[in-house]
Structures are given as structure tokens and as C-alpha cells.
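Quick notes on the structure that follows.
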Amino acid sequence: GAGVSQSPRYKVAKRGQDVALRCDPISGHVSLFWYQQALGQGPEFLTYFQNEAQLDKSGLPSDRFFAERPEGSVSTLKIQRTQQEDSAVYLCASSDHRGIYSNQPQHFGDGTRLSIL
Amino acid sequence: AQSVAQPEDQVNVAEGNPLTVKCTYSVSGNPYLFWYVQYPNRGLQFLLKYITGDNLVKGSYGFEAEFNKSQTSFHLKKPSALVSDSALYFCAVSPNQAGTALIFGKGTTLSVSS
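Going line by line, the protein sequences match chains Z and F.
First residue of the first sequence? That's 1 in the numbering used here, and the numbers climb one at a time after it.
First residue of the second sequence? That's 1001 in the numbering used here, and the numbers climb one at a time after it.
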């Protein structure tokens, strides 16, 4: 497809389980971002990749959160030992601009809605 | 601290009337400014951006935004609202300096009635 694809669209997990969220960016896009969007709030930055390099992970809320992009295309956000406060929509975005601070728009996927019971 | 404020949780307008969705920011330096729109259960769609130059920028779907440096504002406007404009609107700032990536406001729900 032409856009950013995220899967699954919905994920329900029990507290303590590990989850993995997938993002397939627009082909050729160098930059990839993960955001967390809590209910009624704007997205908050989690982490940034330039190709396969994770250049900024300052927004990851704890060491239970881990992201990777091993071949510079598809990315996976993993959350270990999930907690109820992890319930949110996780958005992935990509950009063809090289750099975290950019004047180019980011292209967002539809997100994964994660619910922790 | 760098931040973006959208002071209105909801804006209600009648179809055909002009609309304004407000945004102010607190970022040092010369930031890049964006507006995105989000429809239910969808990701964010880019509307327009301000980088430099003319303070009035035009974007998708007839939207425009006015940058005011002295008031640190970047209000979204449209001369004539459509029912289909009803959605959640986010203002965002790219600080263009060391810090986080895009900083988003908490969003404003626009409701256009027929």
C-alpha cells in the first residue's frame, strides 16, 4: 500500500503479558517515529529511527518499552510486562526527511489501540 | 518547558460560517509549525505547515493558518465550514533544536452543524 501500515489495529492483553506492535512505513522513508496517544490527549513522542539506527529514545516511558528497526524498514515496538497505564493508541509515522527536527510533514498510520486488562 | 496549547476542547460552528481553531506555543528559537486532522479511529493527516516567509499559509481542503510571532500563535482558519470538516484537530511544533520531535497540543474537536 501507499501509506503507513500498522498491525494489529486492536490488541487486548492481560496485565503482565508482553505485546509487539508492528509498523510498515512508506517505502523509502528514512525516518520513522513512534508516538503514544492516551485517550483525549495529543500524541506524545516515544522514539525515532533514522534507517536502522535508533537515534532518540528519550520518550520511552520505562525500560519495559523497546523498539527496533533492524533492516531500516519495518519497525516493532515491544512492551514487556504490560501495565494498565500502557493502554493507549500507539501511532507510527514516517518521513522522507533525514533528521528528527524537520520541516517536512510526517505520515501517520492508523495506529494500534492497546487495551490492558 | 516547550509546549503547545489549544485552549478550546471543542469548537462548534454552523455550516457555511467561518471557523477558527486556536493554537499557541512556547518554544524558543524559530520553530516549524503544523496542523494535523484526525478522524475517528484513524491516524493523523497533515493539513498545512509554516516554515518561514508569508505569515498566512494555505493547506489542504481550504484550510489556512496565520502565524503571529509576537503572540506566538498559529490559529487554523477556514472561510466557510463544511459538515465534513467535523474532526479532531491537532496543532504541533517541531522545535528545530535539541529536544523532542513533534510536540502536539491536546487537540480541539471541531463540530460543524448543518
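All C-beta atoms in this analysis are idealised placements derived from N, C-alpha and C, irrespective of residue type, glycine included.
Legend entry - Interfacial residues, the stretch 1025-1045 of chain F to chain Z, with Cβ spacing under 8 Å: Y1032, F1034, Y1036, N1041, R1042, G1043, L1044, Q1045
Inset, instruction - Within the same chain, show all residues whose beta-carbon is closer than 7 Å to that of F:E1066, passing over the 5 residues directly before and after it, in chain order. - result: N1055, L1056, H1075, K1077
Inset, instruction - Could you list the residues in the stretch 42-70 of chain Z with a C-beta less than 8 Å from some C-beta on chain F, going in chain order? - result: G42, P43, E44, F45, Y48, D56, S58, G59
Legend entry - Contact list for F:G1053 against chain Z, beta-carbon separation under 7 Å: Here the premise fails: no neighbours, minimum Cβ distance about 12 Å.
Legend entry - With 16 other Cβ atoms within 10 Å as the buried cut-off, status of F:T1052: exposed
Inset, instruction - Could you tell me whether any Cβ in chain F is nearer than 8 Å to the Cβ of Z:G111? - result: yes
Legend entry - Where F:K1049 falls, given that 16 or more other Cβ within 10 Å makes a residue buried: buried
Legend entry - Cβ-heavy atom distance, F:L1033 to the ligand ADP, below 7 Å: Summarising the ligand content, the structure contains no ligands, and the ligand ADP is consequently not present.
Legend entry - Run of the beta strand (DSSP E) containing Z:R22, from where it starts to where it stops: 19-24
Legend entry - Among Z:K14, Z:S5, Z:A2, Z:V4, nearest to Z:L117 - alpha-carbon criterion: Z:K14
Inset, instruction - Helix, strand or coil for Z:V30, going by three-state DSSP, please let me know. - result: coil
Inset, instruction - Rounded to whole angstroms, what's the CA-CA distance from Z:D110 to Z:S5? Just pull it up for me. - result: 7 Å
Legend entry - Own chain partners of Z:G3 with C-beta closer than 8 Å, once the 5 adjacent residues on each side are dropped: I26, H107, G109
Inset, instruction - Answer with yes or no whether the minimum CB distance from Z:L77 to chain F is below 8 Å. - result: no
Legend entry - CB-CB length for F:L1110 against F:A1087, believed under 8 Å: 6 Å
Legend entry - Neighbourhood of F:Q1010 by C-beta distance below 6 Å, restricted to the same chain and skipping five residues each side: T1109
Legend entry - DSSP three-state assignment for Z:E71, whether helix, strand or coil: coil
Legend entry - Per-residue DSSP class, three states only, for Z:E85: helix
Legend entry - is_contact[F:F1067, chain Z] using C-beta, thresh 8 Å: no
Legend entry - N- and C-terminal bounds of the beta strand (DSSP E) containing F:K1022: Taken as a continuous stretch (DSSP letters only), F:K1022 belongs to no beta strand (DSSP E), as it is neither H nor E.
Inset, instruction - Using DSSP bridges, identify the partner residues of F:L1110. - result: F:V1011, F:A1087
Legend entry - Buried or exposed (CB count within 10 angstroms, at least 16 for buried), F:G1105: buried
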